[in-house]
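Peer 1:
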Amino acid sequence: MSQIVLQAEPREPGQTGAKQLRRNDRVPGVYYAKGQDPVHFSVQKLALRPVVYTAEAKTVRLEVDGKGLLCVLKDVMFDPVTDKILHVDLLGVAAGEKIAVEIPLHIVGLSIGVRDGGSLEHVMHKAHVRVDPTIMPEHIDIDVSDLVKGAAIHISDLNIPGVEFTDRPDAVIVACHAPKVATAEETAEAAKKG
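Numbered according to my numbering, the sequence shown spans residues 159 to 352.
Structure (C-alpha cells):
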C-alpha cells in the first residue's frame with residue numbers, strides 16, 4: 159500500500175474564501191475524523207491529481223499546521239461544466255481501525271477458456287471491503303489462468319488476510335463464456351439479409 163503526502167495550508171471555512179482559493183489554483187477541503195473537530199485546509203490543485211485521478215486505493219498523509227493526519231479520500235466535488243475539482247473531503251483513519259473502502263480488481267493471466275475460444279467478461283471492477291488502512295491493498299489481482307469456459311470467479315473465492323469483503327459472496331467478478339454457436343435458422347436468415 160502506498161501513501162500520498164499532501165502539503166496543505168489551514169483556511170477559514172466559507173464560500174468567499176473558497177472562491178479566492180480557486181482563483182489562486184488551490185482547492186479547499188475538509189478533514190473529518192471521529193471525535194475531532196473538522197480541519198479546513200487548502201492544497202495546490204496539481205497536488206490532488208494522484209489522490210483523485212487514480213485507479214488504486216491509497217491512504218493520504220495530510221500535512222497541515224505541523225500535524226500529519228492519516229486519511230482516505232471520502233468525496234470530491236467537481237464543477238459540472240468544467241469538471242475542475244471544487245472541493246475535497248478527507249476522512250481521518252486510525253491504525254487498527256477498519257474502514258469501508260472500494261478496492262479495484264485487476265484481471266491477470268490468460269484463461270484456459272479464452273485460449274479454447276471462449277470470451278472473458280469482467281463483471282465487477284471494484285470490491286467493497288472493510289480493512290485496516292495500514293494494510294489496505296492498492297488493488298487486488300484476480301488470476302484467471304485456470305478459468306475454463308462456463309466457470310466464474312466469485313467474491314467468496316477471494317481470501318486475503320485482514321480484508322473483509324462486504325459484497326454478496328455469490329457476486330461474480332469475472333466469468334468465461336463459451337462462444338455462441340449460430341443455429342441453422344439464424345444462418346439462413348442472415349444469408350437472406352446479406
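C-beta atoms are modelled at their ideal positions from N, C-alpha and C, and glycine is treated no differently.
#1: So residue 263 and residue 300 are in contact, right, with Cβ under 8 Å, and what is the actual spacing, rounded?
#2: Distance, Cα to Cα, residue 186 vs residue 214?
#3: Tell me residue 217's beta-bridge partners as DSSP assigns them.
#4: Might you give, ordered along the chain, the residues of its own chain that have their beta carbon closer than 7 Å to the beta carbon of residue 325, omitting 5 neighbours on each side?
#5: Can you give me the Cβ contacts of residue 169 inside the same chain, cut-off strictly under 7 Å, excluding the 5 residues immediately before and after it?
#6: So what does DSSP say about residue 209, is it helix, strand or coil?
#7: So, is residue 236 buried or exposed, given that buried needs 16 or more other C-beta atoms within 10 angstroms?
#8: Buried or exposed: where does residue 276 fall if 16 or more other Cβ atoms within 10 Å of its Cβ makes it buried?
#9: Using a 10 Å radius around the Cβ and a threshold of 16 neighbouring Cβ atoms, would you call residue 211 buried or exposed?
#10: Using the Cβ count rule (16 or more neighbours within 10 Å means buried), how would you classify residue 250?
#11: Once you ignore the five residues that flank residue 322 on each side, which residues in its own chain have a CB closer than 8 Å to its CB?
#12: Straight-line CA distance for residue 302 to residue 258?
#13: Closest to residue 335 by C-alpha separation, out of 245, 184, 281, 317, would be which residue?
Peer 2: Checking against the coordinates, here is how it stands:
#1: 6 Å
#2: 23 Å
#3: 161
#4: 285, 286, 313
#5: 175, 179, 186, 198, 199, 200
#6: helix
#7: exposed
#8: buried
#9: exposed
#10: buried
#11: 256, 287, 288, 289
#12: 26 Å
#13: 281
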